[in-house]
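Structure first, then comments.
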Amino acid sequence: MIRVQPKLTSPFQAGSPPTRAPRLIALGGGKGGVGKTFVTTNVAVTLARMGHRVVAMDADLDGANLHTCLGVANPEVSLADFVAGRVNEPAKLLIQTRESNLQLIAGTHSNLHQPQPDKTRRVELLRGLRRLDADYVLIDLGAGSQPAALDYFLVADEGLLVMRPEPTSVENAYSFLRAAFYRRLRLAARGHGVRELVEEATDQRNEKGIRTPHDLMREIEVISPVEGRRLMHTMRAFRPRVVVNEARTTADIKLGFAVVSVCEKFFGFKADYLGYVNYQNEARESVSAREPLCDYKADSDAARYLSRIAAKLAGVPLSRKGEP
Amino acid sequence: MLGLNELDYYEVLEVPRDASLEEIDRAYQILHEAYATESLALYSVFSEGDAELMRDRVEEAHRVLSDFELRREYDASSPKATGGVPVAGDPRVGGNDGWAEVSPLGSSPTLGDQMEEPEDGNWNGDLLRRARIHAGVELEQIAEITKVGIRTLRLLEDDAYEDLPATVYVRGFVTAYVRTIGIESTRAVASYIQRLEESGLDEGRGRFLGRR
Numbered sequence: 001m002i003r004v005q006p007k008l009t010s011p012f013q014a015g016s017p018p019t020r021a022p023r024l025i026a027l028g029g030g031k032g033g034v035g036k037t038f039v040t041t042n043v044a045v046t047l048a049r050m051g052h053r054v055v056a057m058d059a060d061l062d063g064a065n066l067h068t069c070l071g072v073a074n075p076e077v078s079l080a081d082f083v084a085g086r087v088n089e090p091a092k093l094l095i096q097t098r099e100s101n102l103q104l105i106a107g108t109h110s111n112l113h114q115p116q117p118d119k120t121r122r123v124e125l126l127r128g129l130r131r132l133d134a135d136y137v138l139i140d141l142g143a144g145s146q147p148a149a150l151d152y153f154l155v156a157d158e159g160l161l162v163m164r165p166e167p168t169s170v171e172n173a174y175s176f177l178r179a180a181f182y183r184r185l186r187l188a189a190r191g192h193g194v195r196e197l198v199e200e201a202t203d204q205r206n207e208k209g210i211r212t213p214h215d216l217m218r219e220i221e222v223i224s225p226v227e228g229r230r231l232m233h234t235m236r237a238f239r240p241r242v243v244v245n246e247a248r249t250t251a252d253i254k255l256g257f258a259v260v261s262v263c264e265k266f267f268g269f270k271a272d273y274l275g276y277v278n279y280q281n282e283a284r285e286s287v288s289a290r291e292p293l294c295d296y297k298a299d300s301d302a303a304r305y306l307s308r309i310a311a312k313l314a315g316v317p318l319s320r321k322g323e324p
Numbered sequence: 325m326l327g328l329n330e331l332d333y334y335e336v337l338e339v340p341r342d343a344s345l346e347e348i349d350r351a352y353q354i355l356h357e358a359y360a361t362e363s364l365a366l367y368s369v370f371s372e373g374d375a376e377l378m379r380d381r382v383e384e385a386h387r388v389l390s391d392f393e394l395r396r397e398y399d400a401s402s403p404k405a406t407g408g409v410p411v412a413g414d415p416r417v418g419g420n421d422g423w424a425e426v427s428p429l430g431s432s433p434t435l436g437d438q439m440e441e442p443e444d445g446n447w448n449g450d451l452l453r454r455a456r457i458h459a460g461v462e463l464e465q466i467a468e469i470t471k472v473g474i475r476t477l478r479l480l481e482d483d484a485y486e487d488l489p490a491t492v493y494v495r496g497f498v499t500a501y502v503r504t505i506g507i508e509s510t511r512a513v514a515s516y517i518q519r520l521e522e523s524g525l526d527e528g529r530g531r532f533l534g535r536r
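Top line first, the protein sequences correspond to chains A and B.
Just so we're aligned, residue 1 is where the first sequence starts under this note's numbering, counting upward by one.
Just so we're aligned, residue 325 is where the second sequence starts under this note's numbering, counting upward by one.
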C-alpha cells in the first residue's frame, strides 16, 4: 500500500503562485464502460493521498459521472459553463472534494447541442489547466474518438488507454489509438504532398492501400525522406500507456503485453504496459456506493493495483514485488 | 520503420541486442501467446495471414537467438549487428533505436512481480491460486514441472484439507508449488501448513493414511 506522506505545502493555497505547471494525464480508451472513470477516480484519490495536489476533470460531457464517483452529488459549476462562456478561467471551475488534496472539474449540465468546446475553446482550456496550482490534472475522456478527446489525449503528458479484456474494447482501443496517431500526424505534417497523404490515409479505405500508421510513415518517407525523418522523430513522443481493467485470468493480464507488441508491429509506435487491475466485485460495489475503491475496500487487490498505477505515474520507484 | 519481414530477430522479439537468454525466453513466451490464433490482442487489426507470418518469425527468431552458436553466427552476419551476445561491460545497451529506452514510468508490469505477501503472512489456498495467476503460471505447468498431480494441486488451492494426503507430503507439494511460481517459500509453506494443522483435519487424516 501507499504510505501517506503529506507534503508540507497546503493544497491550493490562495495567492501562492504555481511553482510549475501540473502534469496532465488523460485517460481514454474508445469504448464506454471499460472503467476509465473508475481508474481516474482511484488514481486521483491515491495521488492526492500521496501528498500531491490533484485535479480530476470530467471531459465526458455527454456522460459525466466522475463527480458521482468522487462523492460530489450536485456540482454547482462544470466544464459546460466554460464551454458556454459563462466562466472563462478553468481555476474557477474547481470544486473541493472530500479529499483535501483533490479538486474536481465536473462535466455536468452540458449543452445538448454542442457539448464539447470548439477548437479555440479547447486551447484556452488546456492553457488554463496548465496554469492550475496543482501537481496533476487527470482528464477522464469518456467514450469515443471525437476531436476533443483526441486533443486532450495528445496534449497530455501521459495518455492512458484503458481497456477491458474483450474484443469490443480491444477494437475500440485500437480505433482510438489510430485516430489519435493520425490527428497528431496531421497537425505536425508540413510540406507539399505530405499533408495530403496524411489526409488521404485517414480514410481507412484509401486507394493507396495505406492501412496503418506504419504504412503511412513509409509512404511519407518515399515522397519526402527529410519530412519522414522529422515526423518519425515527432511521433516518438506518441507513447500511450496501456491499462487492462477487470483482468480475471492470466491471459487477461498478458493482454497488455500483447497489445504493446501489436502497437509496435502493426501500428509502428511504441506503447507501455502501465498496469492492470484485477476483476473484483468490490470494484463494482464501490461505484454503486459512490465511493472510491481505495476507501470502500482499501485492502482489496484491485485497490492495490490501482495504487501501483498511481505510484508509477508519480515516478515512485517500485520494489521487486511492485510495492511503491 | 520496417515491415514484419524486414525486422531482424531482435526486433521481432522486441529485446535489446545484448538480451540474456532469460529475457529472450520471456519475450518469446509473451509473443508466442500474443500472436497465437484467436489472440484477443490481434482482434480487428492483424489479418490471419499477418499473424501467421509473425508466428513464423517469432519461432524462427527464438530458435536462433536461444542457441548460443546460432546467435553468434547470426550476429556476425547481421548487417545491423552492433551488440550481440552480451559481453561484460559492453556499453551498447539497447543497441538499435532505443529498444531498451528506460520509460519515465519505471518498468512495465512483469508477470510475477505484482503479487505480494499478505501482511499477516496468512497463506491459504485461495492466496496460492491468486499468486499463481499473477505469476502467469497455469496449473498444468506446475504439474509438469513439479510432477505433482493436477488434482492434488487443485486440492491445495481449494484448501480441501480432508482430501489431502499426510502433512509431510503436503509440505513437499506446497514447497514445490510456491517455488515454481517464484515465491519465497519458507514462510508461505509454514503458513499454509500451520493453517492445515490448526484446522484439526490433519491429525485424523495422518492417522488414516498411517494405517494404510
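The beta carbon of each residue, even a glycine, is placed where N, CA and C say it ideally should be.
- Under the three-state reduction of DSSP output, GLU158/A falls in the strand class.
- When Cβ-Cβ separations below 8 Å define contact, PHE497/B makes no contact with chain A.
- Apart from the 5 residues on each side of it in sequence, GLN103/A sits with its Cβ closer than 7 Å to the Cβ of PHE12, VAL55, LEU94, ILE95, GLN96 and THR97 in its chain, given in chain order.
- DSSP places ILE348/B inside the alpha helix (DSSP H), whose first and last residues are 345-358.
- With at least 16 other beta carbons inside 10 angstroms of its own, SER261/A counts as buried.
- Here GLU481/B has GLY449, LEU452 and ARG453 as same chain residues with Cβ atoms under 6 Å from its own Cβ, once five neighbours each way along the sequence are excluded.
- With a minimum length of 4 residues, the unbroken runs of alpha helix (DSSP H) contained wholly in the stretch 26-81 of chain A fall at 36-49 and 66-69.
- If only complete runs of 4 or more residues are kept, the stretch 192-273 of chain A shows the alpha helix (DSSP H) at 194-202, 213-223, 225-235 and 250-262, in order along the chain.
- GLU158/A is a Cβ neighbour of ARG241/A, given a cutoff of 8 Å.
- In this structure, the beta-carbon distance from THR41/A to CYS69/A falls below 8 Å.
- Contacts with chain B at 8 Å (Cβ-Cβ) include SER261/A.
- For GLN465/B, the enclosing alpha helix (DSSP H) begins and ends at 463-470.
- At a C-beta separation below 9 Å, PRO165/A has these neighbours in chain B: LEU364.
- Residues VAL39, ASN42, VAL43, THR46, VAL277, LEU293 and CYS294 of the same chain have their beta carbon placed closer than 8 Å to that of LEU306/A, with the five preceding and five following residues left out of the count.
- In the DSSP secondary-structure assignment, VAL137/A is bridged to LEU24/A and VAL55/A.
- The count of Cβ pairs closer than 8 Å, one atom from the stretch 183-203 of chain A and one from the stretch 264-278 of chain A, stays below three, leaving the stretches out of contact.
- Taking each of HIS52/A, LEU231/A and GLY85/A in turn and checking the Cα distance to LEU313/A, the smallest one comes out for HIS52/A.
- In the DSSP assignment, ILE105/A forms a beta bridge with MET57/A.
- For TYR352/B, the closest Cβ of chain A is not nearer than 8 Å.
- Taken through DSSP and simplified to helix, strand or coil, GLN96/A comes out as strand.
- Contact of GLU264/A with chain B is assigned, a C-beta pair being separated by under 8 Å.
- Out of ARG236/A, SER169/A and TYR296/A, the CA that lies nearest to the CA of ALA188/A is found in ARG236/A.
- Contact annotation for ILE457/B against chain A: THR249, THR250 and ILE253 [CB-CB distance below 8 Å, chain order].
- The beta carbon of LEU355/B sits closer than 8 Å to some beta carbon of chain A.
- Residue contact check for ALA358/B against chain A: a CB pair falls below 8 Å.
- With respect to the 8 Å criterion, LEU185/A and LEU231/A are classified as neighbours on the basis of their beta carbons.
- Per the DSSP secondary-structure output, MET163/A pairs in a beta bridge with VAL244/A.
- Close partners of PHE257/A in chain B (Cβ separation under 7 Å): ILE354 and ALA358.
- Of the residues assessed, VAL382/B falls on the buried side of the cut-off, its CB having 16 or more other CB atoms within 10 angstroms.
- Nearest in C-alpha terms to THR361/B, of all of SER368/B, ILE507/B and GLU376/B, is GLU376/B.
- For GLY142/A and ARG164/A, the gap between their C-alpha atoms comes out near 14 Å.
- Under the DSSP assignment, LEU520/B falls in the alpha helix (DSSP H) whose first and last residues are 509-522.
- DSSP, read as helix, strand or coil, puts VAL277/A in strand.
- In this model, ALA455/B and GLY506/B are separated by some 9 Å (Cα to Cα).
- Its Cα nearest to that of THR476/B, the residue VAL494/B stands out among SER390/B, VAL494/B, ILE469/B and VAL369/B.
- DSSP, reduced to helix, strand and coil, places HIS458/B within a helical segment of the structure shown.
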